[in-house]
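In the working numbering, the protein residues as written are 7 to 947.
We put the beta carbon where it would ideally sit given N, CA and C, even for glycine.
Only a predicted model underlies this, so the values are computations on that prediction, with no experimental measurement involved.
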Ligand SMILES: Cc1cc2nc3c(=O)[nH]c(=O)nc-3n(C[C@H](O)[C@H](O)[C@H](O)COP(=O)(O)OP(=O)(O)OC[C@H]3O[C@@H](n4cnc5c(N)ncnc54)[C@H](O)[C@@H]3O)c2cc1C
Ligand code: SF4
Ligand code: SF4
C-alpha cells in the first residue's frame, strides 16, 4: 500500500497556531530547536515535523487526532523515541505522550496496574518494586523507553523467556480511534453485551471480526512458526482469541506502531519480583558448542539466555570487560529463584556441570550480588551505542537487526552471518536473545560511502531472504517494522495476508494520517536515511535523556540532552535560533557519565556558549578575579547578612535585583526562598594563616588543599572539616594561592577567563604529590584542565595536575592511617548519600559511600535516585530557580522514601540546593563534616 497523498496546509506554521488555539500555548511547539530535536529517534532516519504537541490529557489527544484527520496531516505518536526503525518521526504532527506518565492504579492482590503511556519502564518498575512486583517485558533500553512505545512495538527483551513479550502482559488499552472516539480495547467474550455494543458503534471493529472469520485458514497457514514475531499486524493472536470465543482487541493494537490508534493508558499484568537471581557469563571456545548447549541450558528454565559472538566481543573490547581472547562466543545466563538460597546454588552447580561438557575458555563467572550482576549486564545492555566508539566513520547500522530463527539453529545462523559479512569485509556485531532464537545483527558501515551503501542494500535483501527461506524465521522479533522493514512485510507473509493487513489499516485509518510510511508501506527502506547524522558520534539512543534533569522536568525532546546534541550539531544551528535551549543545560555532566558512545553533550554546549559569552557574567567574574576587592565586598556582606538576609528584605532584594539578574538569564533571580549559605566574616584562608606558604616559597607539604571559592567564603564548616580530617590522617596541608577552578566561569561562556584562573592554579599546585579537594565541581574541573587547555602549551602541565587531584573521600579511603571514630549520638541515625554529579563524572562514587557505611552511630541507607542531579549545579539555582526547585522535588521524595535523617554529600553547591529543597525533611552535611564529628567524638571518649 502506498501512503495516500496527505494534504498539508500551505503555511506549515498554521498547524502549530491552530493547535495552540485549541490546546494552549505550552503544549504546542514549532520553533527551530524543537523541530530539530524531534527530527530523529534512535533509528537511522530523519524527518522534520511541522509541529510537536505535548499532550497532557485524553482530551488533548482527541483534539489533535480530529485536527490531523480533518486537515489530512500525518500524525505520529511518540514516547521516548528509542525505537530503532524510524517509527517515532514523521513529517506532520508529533504527538508526544511523555507528560502522561503516572501510575493511575495499582492492584497488588490481582497483580495489575493502570498506567499512562509516558512512564519510563525503569521508573514503573521502581514504583512496582516497592510492592514486590514487576512488569516482565524488559527491553535493554528499559532505562529510557516508555510504556507507550513498548506497547506499540510489542517490545520484549532478555527476559522474554520467562515473562513473554508485551502482548502477553496487557489486559486492556484505552485507544483513541481516528474519529476522536475512545474505546476500551480489552479481551471481550463474544457473548458480552459490551462487545456487541462495540461492534455496533464501531464499524471498523465489525469489519475486523468478519475479516478474521472469513480468512481463518489463510491466517493459520501464514502464522510464523518461530517463538517471537512483531512483523505485520497480529491477526494470529486475534484468531486465537476467536477460537476461545473472545474478541481479544489488545492483540490488534499491541505492536501496531501508532498506525491504528493512539493509547492513553494500559492495564498491564504484573509478576512477582524474583526473590533471588543468579547471573552467569560463560565463554565458549567453539561457536558450534553454543548451539549444542542452548537446549540443555533451556532445561534449567533460565529467565534469560543471551549470546554475544566473537566479533561483538572484539568490538566492545575484550580486555575492558574481562573476556578471554580465545572466546568464540559468550553466553549470559540468568536464573531466578522464587525462594532464596539453596535452590539457586544447586541450579548454579547444574549449569556448571552442563558447561563442563564443552570447551570453555575459563570457568563460568557467576554472580549473586545485585551490583556484580549489574556489572555483567552492563556491557550487554549498552552494546549497540557502545559500537559507536569503534570507528569515526563506520557506524552500527540497524537494517537487519532483529531476525528470529528456531533457537536450536542459532549457531548455524551466526556462522552464516559471520561468513556473509566476512565476504563483504564488513565488521559486524551479532548478539541477542539466543533462548528465543532472536538475533540482533549490527554491521558497521559508512553509509556515505557508495560501496558500503550497496553492501547495506545487498545485505538487507539477502539476509532477510535467507531468514525466511532457509531458516523459516521472522524478520522482526521485537523492534517493530517501522520504516526499515515495511518494505519486506509483504515478502514475509505473502501478498494475500499482506492484503488483509492493508484492509485493516484502511479500515482503522481511512485517511491514512496515522504514522504513514510505517509497517504498511512500499517505500524502499533507504528513503529518509539521515546521512548527516550517521557521520556523527551520537547513537541517538537517549540514554542521556534518562539522566538529564532538565528532560526529567520538561519531558520534551528540545529540553533534553539528546535533543541538544542534535540542535548544537545541526547545520542550521545558530545561538540566536537556539539560545533558549543552549542556556537551559545545567552543565551537570550526567549525560557524559551515562553515554556509552563517549559523547559529551555538556561540553558541546559549553563550546557553543563560549561563542557567545554572557556579558553580565563577564563583569561579575572579572570582578571576582580581583581577589582583594571581591573579598572586601564579601566580608562587608557577611557583616550585615543578619540584616539583609531577612525574609522581607530578601523579597525586596529579589525585586530590586531583577533587572540586573536578567542580564544573566531571562529566568535568573535571587529568590527569597533560596536558603543562602552564611558568608564567612573571616575567610578560610584568614583562619589558617599557618597553612599558607609565603610568596615564592616551595611546597612545604606533599598535600595541597584546593579549597575553591565556597569553602573559603562560606561559613559552612566544610573547609574546616577537610583540614581537620587531613590532620587526623597525619597531613598538615598547604593552602597555596588559588583562583576559582573555573566551573561557573566556563558555564557562562567565559573560557578565556576560566583559562586565566586555571593558569594560576597550574603553577601554584605544581609542586605537590596530591591536590586534595572538598568540592565536587572543583574536583572535576581540575581533572578536566587537559580539555580546557586542549592543544595549548599548558596541556602537559594540566595532564600532570589532573592525575594528582584527589577528592577528600578518595584521600581517606587510600590513607594508611585509620583514626579512631566514635558516635556523637546515643541512638542510630539514618544517613543517605547524594552523589554529586561532578564527582560522579570524576569517577568518585564508591568512596563516599564506603566512608558513610563505616561511620559509628549511623545506619547507611542507599536512597532511590542517589545518582541523580539535585538541580543546584553551581549557579543554576540563581539562573533558573523555578526549574532547579522542580528538579530537587524528586530528590526530596527520594529522601523521604529512604527515611534518612541526614543527607551527606561531597559538594558545597549541592549543599545549598539540598538545604533549600529539603527543608523540614533532612539535615544536610558534607561527608568530611561527618568524618570530623566521628574523629572528634573518639577524641572525647
Ligand atoms: C540501546 C537500545 C536497546 C534496545 N533494546 C531493545 C530490546 O532489548 N528489545 C526491544 O524490544 N526493543 C529494544 N530497543 C528498541 C526500543 O527501545 C523499544 O522498541 C521501545 O519499547 C520503544 O519505546 P519508546 O518509548 O522509545 O517508543 P518510541 O520510539 O517513542 O515509539 C515507538 C512506537 O510506538 C508508537 N507509540 C508511542 N507511544 C504511543 C501511544 N501512546 N499510542 C500509540 N502509539 C504509540 C510510536 O509511534 C512508534 O511507532 C532498543 C533501543 C535502543 C536504543
Ligand atoms: S549522547 Fe550518548 S547517550 Fe546521548 S543519545 Fe547520543 S549516544 Fe546516546
Ligand atoms: S549536562 Fe546535565 S543538564 Fe546538561 S545536557 Fe547533560 S545531563 Fe542534561
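Test item: CB-CB of residue i and residue j under 9 Å
{"i": "residue 285", "j": "residue 359", "result": "no"}
{"i": "residue 272", "j": "residue 153", "result": "yes"}
{"i": "residue 282", "j": "residue 374", "result": "yes"}
{"i": "residue 729", "j": "residue 685", "result": "no"}
{"i": "residue 99", "j": "residue 81", "result": "yes"}
{"i": "residue 496", "j": "residue 239", "result": "no"}
{"i": "residue 87", "j": "residue 44", "result": "yes"}
{"i": "residue 838", "j": "residue 904", "result": "yes"}
{"i": "residue 306", "j": "residue 362", "result": "no"}
{"i": "residue 826", "j": "residue 941", "result": "yes"}
{"i": "residue 57", "j": "residue 31", "result": "no"}
{"i": "residue 840", "j": "residue 785", "result": "no"}
{"i": "residue 763", "j": "residue 746", "result": "yes"}
{"i": "residue 885", "j": "residue 617", "result": "no"}
{"i": "residue 434", "j": "residue 551", "result": "no"}
{"i": "residue 288", "j": "residue 366", "result": "yes"}
{"i": "residue 224", "j": "residue 582", "result": "no"}
{"i": "residue 391", "j": "residue 602", "result": "yes"}
{"i": "residue 811", "j": "residue 731", "result": "no"}
{"i": "residue 410", "j": "residue 230", "result": "yes"}
{"i": "residue 555", "j": "residue 898", "result": "no"}
{"i": "residue 235", "j": "residue 591", "result": "no"}
{"i": "residue 70", "j": "residue 59", "result": "yes"}
{"i": "residue 917", "j": "residue 549", "result": "no"}
For residue j and residue i, believed in contact at Cβ under 8 Å, the rounded distance
{"i": "residue 168", "j": "residue 342", "result": "7 Å"}
{"i": "residue 35", "j": "residue 564", "result": "7 Å"}
{"i": "residue 724", "j": "residue 934", "result": "6 Å"}
{"i": "residue 480", "j": "residue 232", "result": "5 Å"}
{"i": "residue 314", "j": "residue 386", "result": "7 Å"}
Contact test: residue i Cβ vs ligand 5 heavy atom, cutoff 8 Å
{"i": "residue 548", "result": "Among the ligands modelled here, namely ligand 1, ligand 2 and ligand 3, ligand 5 does not occur."}
Cα-Cα separation, residue i to residue j
{"i": "residue 226", "j": "residue 201", "result": "24 Å"}
{"i": "residue 513", "j": "residue 561", "result": "33 Å"}
{"i": "residue 759", "j": "residue 799", "result": "17 Å"}
{"i": "residue 443", "j": "residue 836", "result": "48 Å"}
{"i": "residue 930", "j": "residue 711", "result": "23 Å"}
{"i": "residue 485", "j": "residue 650", "result": "59 Å"}
{"i": "residue 862", "j": "residue 831", "result": "9 Å"}
{"i": "residue 921", "j": "residue 797", "result": "40 Å"}
{"i": "residue 344", "j": "residue 280", "result": "5 Å"}
{"i": "residue 10", "j": "residue 259", "result": "Residue confidence is low: residue 10 scores 49 on pLDDT, short of 50, so the model does not pin down where it sits. No coordinate-derived value is stated."}
Exercise. Report yes or no: do three or more beta-carbon pairs, one from the stretch 451-458 and one from the stretch 523-543, lie closer than 8 Å?
Key: yes
Quiz item: Is the number of C-beta pairs between the stretch 802-812 and the stretch 715-722 that are closer than 8 Å three or more?
Solution: Between the stretch 802-812 and the stretch 715-722, the count of C-beta pairs closer than 8 Å stays below three; the two stretches do not touch.
Quiz item: Hey, is the stretch 489-501 in contact with the stretch 90-108, meaning 3+ C-beta pairs nearer than 8 Å?
Solution: yes
Quiz prompt | Segment contact flag, the stretch 173-186 with the stretch 394-407, C-beta cutoff 8 Å, min 3 pairs | solution = no
Quiz item: Three or more beta-carbon pairs under 8 Å between the stretch 591-600 and the stretch 608-619, yes or no?
Solution: yes
Self-check item: Three CB pairs or more closer than 8 Å across the stretch 182-190 and the stretch 258-269
Solution: Output reads yes: the stretch 258-269 touches the stretch 182-190.
Quiz prompt | alpha helix (DSSP H) runs wholly inside the stretch 511-566, at least 4 long, in chain order | solution = Correct list: 555-560.
Quiz item: Considering only residues of the stretch 82-156, which uninterrupted alpha helix (DSSP H) runs meet the minimum length of 4 residues and lie entirely inside it, listed in chain order?
Solution: 127-135
Quiz item: Do three or more CB pairs link the stretch 290-301 to the stretch 408-423 at distances below 8 Å?
Solution: yes
Practice problem: Count the C-beta pairs between the stretch 767-778 and the stretch 698-707 that are closer than 8 Å, then say yes if the count reaches three, no if not. | Solution: yes
Exercise. Within the stretch 582-659, note down every full beta strand (DSSP E) run reaching 3 residues or more, in order along the chain.
Key: none
Quiz item: If we count Cβ pairs, one from each stretch, closer than 8 Å, do we get three or more for the stretch 363-377 versus the stretch 515-522?
Solution: no
Self-check item: the stretch 464-484 touching the stretch 213-225, judged by at least three CB pairs closer than 8 Å
Solution: no
Quiz item: Curious, which full-length beta strand (DSSP E) runs of at least 3 residues does the stretch 468-497 contain?
Solution: Listed in chain order, there is nothing to give.
Self-check item: beta strand (DSSP E) segments (min. 3 residues) lying fully within the stretch 419-444
Solution: 434-439
Quiz item: Considering only residues of the stretch 767-812, which uninterrupted alpha helix (DSSP H) runs meet the minimum length of 4 residues and lie entirely inside it, listed in chain order?
Solution: Listed in chain order, they are 782-789, 791-794, 801-810.
Quiz item: Would you call the stretch 652-665 and the stretch 675-692 in contact, with 3 or more CB pairs under 8 Å?
Solution: yes
Quiz item: What are the uninterrupted segments assigned as alpha helix (DSSP H) that are 4 or more residues long and contained completely in the stretch 230-294, given in chain order?
Solution: 241-249, 256-259
Practice problem: Would you mind listing the beta strand (DSSP E) stretches within the stretch 334-401 that are 3+ residues and don't spill past its ends, in chain order? | Solution: DSSP runs (the beta strand (DSSP E)) wholly in the stretch 334-401: 335-343, 371-373.
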